[in-house]
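Heads up: the structure comes next, in structure tokens.
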């Protein structure tokens with residue numbers, strides 16, 4: 004299946020033979036993906052921090068401690084393909100098109116190319132509108148990075164999500180620097196957007212943000228329906244981006260104590276206030292949680308066994324199998340290892356039929372823990388698992404704070420806390436062929452499987468994503 008020139012080409016991408024063989028075994032079924040067993044959905048006081056405790060923590064933490072370095076990480080490498088689906092578009096939508104912040108781009112393009120836009124709107128010619136917006140020789144919006152599509156108007160000036168996140172961060176008390184994950188192919192487009200932005204003529208955008216390029220070494224090979232490797236026009240093996248799980252490398256690059264993670268499409272000038280409040284609340288809880296873990300770890304590191312004995316005896320009930328035949332010194336080592344892990348605090352909202360991950364108690368074959376679980380990780384052939392999934396009442400809007408340092412102040416290697424077996428096989432039509440490829444464990448799923456996780460309910464009003472361009476017609480996204 005693999006020739007020497009194939010391996011030579013893949014090595015230029017940073018993909019070695021061992022990795023290729025591993026991917027082939029996974030894609031051909033020799034190695035099966037791990038399936039999480041849902042135990043129950045997380046609820047208030049059972050996996051979700053009670054509101055009264057949230058209130059107490061926030062009342063005690065009005066100011067962010069000095070000396071803490073805070074950053075923000077925004078996965079931004081996705082294209083606008085799904086955003087420009089016309090599934091939600093109807094005849095009534097034609098009258099709203101002028102509400103789009105990029106309508107002037109459409110109008111200018113039509114004018115320059117002798118296209119009668121007024122007639123298209125009047126006759127509600129959806130096919131011609133699709134061609135203008137999506138045609139390769141036209142505006143081709145769907146192939147652009149979603150981060151560069153204008154979402155809103157600020158003082159009548161179109162603004163894209165990347166600009167908006169930088170503007171918001173520049174006005175934060177913490178003045179957080181924003182890291183955007185991007186594909187190398189689009190680097191120039193991202194930089195050009197900022198260089199020509201009217202919002203950064205007096206502000207140096209480079210001091211407020213940086214780009215983390217998604218490495219092709221994390222890409223997956225693809226197999227077609229015949230079991231053959233997919234190749235590009237030059238006969239080289241085609242590799243496909245392996246989902247947002249590959250972004251754990253990007254998060255690992257960030258030198259900060261605490262990092263906010265947000266989706267690029269969940270932004271709006273009208274939710275600026277509520278989201279600022281949510282961010283501060285989650286940060287307070289993250290700092291509080293991290294401090295508590297650090298104090299516990301420090302107690303065990305000091306190894307005053309006489310003082311620790313009651314705590315160790317208490318943990319025997321939970322860690323019985325791990326403690327079996329172990330000396331007290333070995334038991335303390337086990338406890339320190341369990342405690343010394345990255346901390347994350349995840350905001351969750353009431354589920355209103357949203358598509359995405361949900362918070363559950365799960366069993367992974369070794370232990371129970373709370374996790375953000377995606378639909379693709381669940382065995383829906385099992386009626387009980389299906390029932391548990393459907394009883395969840397919360398949703399993951401991707402509003403979280405991550406603590407990247409251990410109790411000594413050193414950075415964790417975040418890849419040490421991933422569960423690689425939680426990779427997923429994805430089916431997709433690529434280059435006109437039905438193909439399968441591998442998605443790495445999701446950034447906030449398997450890539451953070453062994454983190455300490457705290458779920459906190461946040462206001463649903465802070466979640467106003469732009470999943471489809473018709474969402475921009477909604478009042479929350481209008482000036």
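Residue numbers (this note's numbering): 4 to 482. Cβ atoms here follow ideal geometry from the backbone N, Cα and C, with glycine treated the same way. These numbers come from a predicted model, not from an experiment.
- Of the other Cβ atoms in all chains shown, 16 or more fall within 10 Å of the Cβ of residue 374; this residue is therefore buried.
- Look at the beta carbons and you see the region 348 to 367 not touching the region 60 to 67: under three pairs across the two are nearer than 8 Å.
- Between the beta-carbon of residue 402 and that of residue 448 there is about 16 Å, and that puts the pair past the 8 Å contact cut.
- Rounded to whole angstroms, the gap between the alpha carbons of residue 382 and residue 23 is 27 Å.
- CA-to-CA, the gap between residue 395 and residue 116 works out to about 51 Å.
- When the alpha-carbon of residue 371 is set against those of 40, 34 and 380, the nearest one is in 40.
- Here the alpha carbons of residue 74 and residue 475 stand approximately 28 Å from one another.
- Residue 444 counts as buried, since no fewer than 16 other beta carbons sit within 10 angstroms of its beta carbon.
- For residue 356, the secondary structure class from DSSP, reduced to helix, strand or coil, is coil.
- Taking 4 residues as the shortest admissible run, the region 274 to 312 contains the following complete alpha helix (DSSP H) segments, listed from N- to C-terminal end: 275 to 304.
- Annotation: the continuous beta strand (DSSP E) that includes residue 437 extends over 436 to 442.
- Using a 10 angstroms sphere on the CB of residue 437, the tally of other CB atoms stays under 16, which defines it as exposed.
- Look at residue 374 here: in three-state DSSP terms it is strand.
- As a beta-bridge residue in DSSP terms, residue 403 pairs with 264 and 349.
- Assigned with DSSP and collapsed to three states, residue 15 falls in helix.
- Between the alpha carbons of residue 181 and residue 266 lies a distance of about 12 Å.
- Listed in chain order, the beta strand (DSSP E) runs fully inside the region 125 to 190 are 155 to 157, 160 to 162 and 180 to 185, counting runs of at least 3 residues.
- When the five nearest sequence neighbours on each side are left out, the beta carbons in the same chain lying within less than 8 Å of the beta carbon of residue 47 are those of 53, 54 and 460, in order along the chain.
- Only exposed fits residue 140, as fewer than 16 other CB atoms lie within 10 angstroms of its CB.
- For the set 188, 218, 36 and 268, the Cα lying nearest the Cα of residue 245 is the one of 218.
- Following the DSSP letters along the chain, one finds residue 44 inside the beta strand (DSSP E) bounded by residues 40 to 44.
- The region 160 to 171 makes contact with the region 193 to 204; the number of CB pairs closer than 8 Å reaches 3 or more.
- At a Cβ-Cβ threshold of 8 Å, residue 142 and residue 106 do not count as neighbours.
- Counting the other CB atoms within 10 Å of its CB gives residue 331 a total below 16, which places it among the exposed residues.
- Residue 429 and residue 231 have their alpha carbons spaced roughly 16 Å apart.
- In the DSSP assignment, residue 420 falls outside any beta strand (DSSP E), carrying neither H nor E.
- Following the DSSP letters along the chain, one finds residue 57 inside the alpha helix (DSSP H) bounded by residues 54 to 63.
- At the C-beta level, residue 91 and residue 356 stay beyond 8 Å of one another.
- Restricting attention to 399, 455 and 410, the CA atom closest to the CA of residue 466 is found in 399.
- Put simply, the backbone Cα of residue 240 is about 6 Å away from that of residue 233.
- With 16 or more other Cβ atoms inside 10 Å of its own Cβ, residue 347 counts as buried.
- Straight through space, the alpha carbons of residue 407 and residue 308 are spaced by roughly 29 Å.
- Fewer than three Cβ pairs drawn from the region 268 to 284 and the region 204 to 219 lie within less than 8 Å of each other, which leaves the two stretches out of contact.
- Secondary structure at residue 411: coil, using DSSP grouped into helix, strand and coil.
- One alpha carbon belongs to residue 409, the other to residue 303, and they sit about 14 Å apart.
- About 4 Å separates the CB atoms of residue 249 and residue 221; that is less than 8 Å, so the two are in contact.
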